[in-house]
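Student:
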Amino acid sequence: MSIDLHVLLVRPIYASNIGMTARAMANMGAKKLILIEPKAQINSKAKQGAAGAQDMLQNLETFDSWQSYLEKYDGRLRLAMTKRGGTRRKLEPLKDTLKSEGSGQGIDLVFGPEDDGLSLSDVEWCHRCCYLPTFGEFKSLNLAQAVLLSLYILVDQVAPPPLAEGLPENSDNTESLSQEIDHWLHQWLKVTGFDLDSKKVNAHLTLKSMIFRAVPTQKEAKTFVSALAQTVRKLSE
20 MSIDLHVLLV
30 RPIYASNIGM
40 TARAMANMGA
50 KKLILIEPKA
60 QINSKAKQGA
70 AGAQDMLQNL
80 ETFDSWQSYL
90 EKYDGRLRLA
100 MTKRGGTRRK
110 LEPLKDTLKS
120 EGSGQGIDLV
130 FGPEDDGLSL
140 SDVEWCHRCC
150 YLPTFGEFKS
160 LNLAQAVLLS
170 LYILVDQVAP
180 PPLAEGLPEN
190 SDNTESLSQE
200 IDHWLHQWLK
210 VTGFDLDSKK
220 VNAHLTLKSM
230 IFRAVPTQKE
240 AKTFVSALAQ
250 TVRKLSE
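Residue 20 is where the sequence shown starts when you use the numbering used here, and the numbers rise one by one after that.
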């Protein structure tokens with residue numbers, strides 16, 4: 020993963036949530052778990068919540084204040100995760116943040132305590148305030164759920180998932196299916212008249228990213244390759 024991601028839990032109350040956060044971070048490849056003024060201890064509930072992500076718990080760092088954290092980790096983009104807006108809390112969707120900020124620097128995702136979220140003084144240590152999408156009537160997310168969703172949104176923008184697990188390294192043509200999709204998609208766009216040298220909109224890269232993000236199964240990928248190849252051959256006759 021090409022984003023240097025830290026997750027900061029400010030004054031977390033429940034050990035189980037610290038553990039489940041560690042597990043979510045291990046799922047998404049985040050680098051470091053940070054606790055600032057924690058109210059909970061790393062105990063059996065934290066370890067149970069972390070499941071197979073015990074290394075993330077063992078390597079977490081604890082700081083007694085924002086100041087002590089910034090003495091070691093200043094110079095990173097700090098994103099306050101909150102659903103409360105206001106004159107001093109200008110909110111934006113998390114998915115839009117990388118579009119304006121880019122991913123060239125380390126990013127801190129900052130979450131407040133489970134009962135009341137980040138305070139105004141916490142927010143003042145952060146550069147941006149971001150919120151997460153919810154589509155049901157119940158808008159509240161568990162802390163670990165919010166961490167997992169936040170990490171997925173950021174990582175997905177930079178490194179879309181590969182083809183589904185279980186695809187063979189090589190197809191019948193000795194090329195991987197992903198390479199075949201890339202090749203035949205390029206040929207299909209070429210014979211249908213797309214300008215593949217356009218600097219404004221590159222249809223090849225756009226469609227390839229969209230297809231791979233869908234995570235096709237082996238059967239779906241092979242069917243798609245066959246359809247592209249047959250269309251190219253027919254149009255080239």
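All C-beta atoms, glycine included, are put in the ideal place defined by N, C-alpha and C.
Predicted model, so just to flag it, every value in this text is computed and none were measured.
Determine the contact status of I22 and A65, defining contact as a CB-CB distance below 8 Å.
Tutor: Cβ atoms of I22 and A65: not closer than 8 Å.
Student: So, using beta-carbon positions, are V29 and V129 closer together than 8 Å?
Tutor: Yes, they are a contact pair.
Student: Measure the Cβ-Cβ separation of N46 and L167 and say whether it is below 8 Å.
Tutor: Cβ atoms of N46 and L167: closer than 8 Å.
Student: Would you be able to state if there are at least three C-beta pairs under 8 Å between the stretch 156-174 and the stretch 139-148?
Tutor: No, the stretch 139-148 does not touch the stretch 156-174.
Student: Hey, could you find the ends of the beta strand (DSSP E) K51 is sitting in?
Tutor: Per DSSP, K51 belongs to the beta strand (DSSP E) from 51-55.
Student: Would you mind stating whether Q237 and L196 have Cβ atoms separated by less than 8 Å?
Tutor: Yes. Within cutoff.
Student: So, under 8 Å CB-CB, L52 and M44 are touching, yes? Tell me the CB distance rounded to an integer number of Å.
Tutor: With 8 Å as the limit, L52 and M44 qualify as a contact, their Cβ atoms being about 6 Å apart.
Student: Which residue from L27, L24, A70 puts its Cα closest to that of R42?
Tutor: Selected option, being the one with the closest Cα: A70.
Student: In whole angstroms, give me the CA-to-CA distance for S35 and K102.
Tutor: Taking the straight line joining both Cα atoms gives about 23 Å.
Student: Quick one: grab the DSSP three-state call for D127.
Tutor: Strand.
Student: Over what stretch of residues does the alpha helix (DSSP H) that includes E143 continue unbroken?
Tutor: E143 -> no alpha helix (DSSP H), and no H or E assigned at all.
Student: Assuming T81 is part of the beta strand (DSSP E), what are its boundary residues?
Tutor: T81 -> beta strand (DSSP E) spans 80-82.
Student: Ordered along the chain, which non-local residues of its own chain (more than five positions away) have a Cβ less than 8 Å from that of L254?
Tutor: Cβ neighbours of L254 beyond the five flanking positions: V210, T211.
Student: Can you have a look at F82 and say buried or exposed, based on whether 16 or more other CB atoms are within 10 angstroms of its CB?
Tutor: When all chains shown are included, F82 counts as buried.
Student: In this structure, how does DSSP classify Y92 when only helix, strand and coil are distinguished?
Tutor: Correct three-state label for Y92: helix.
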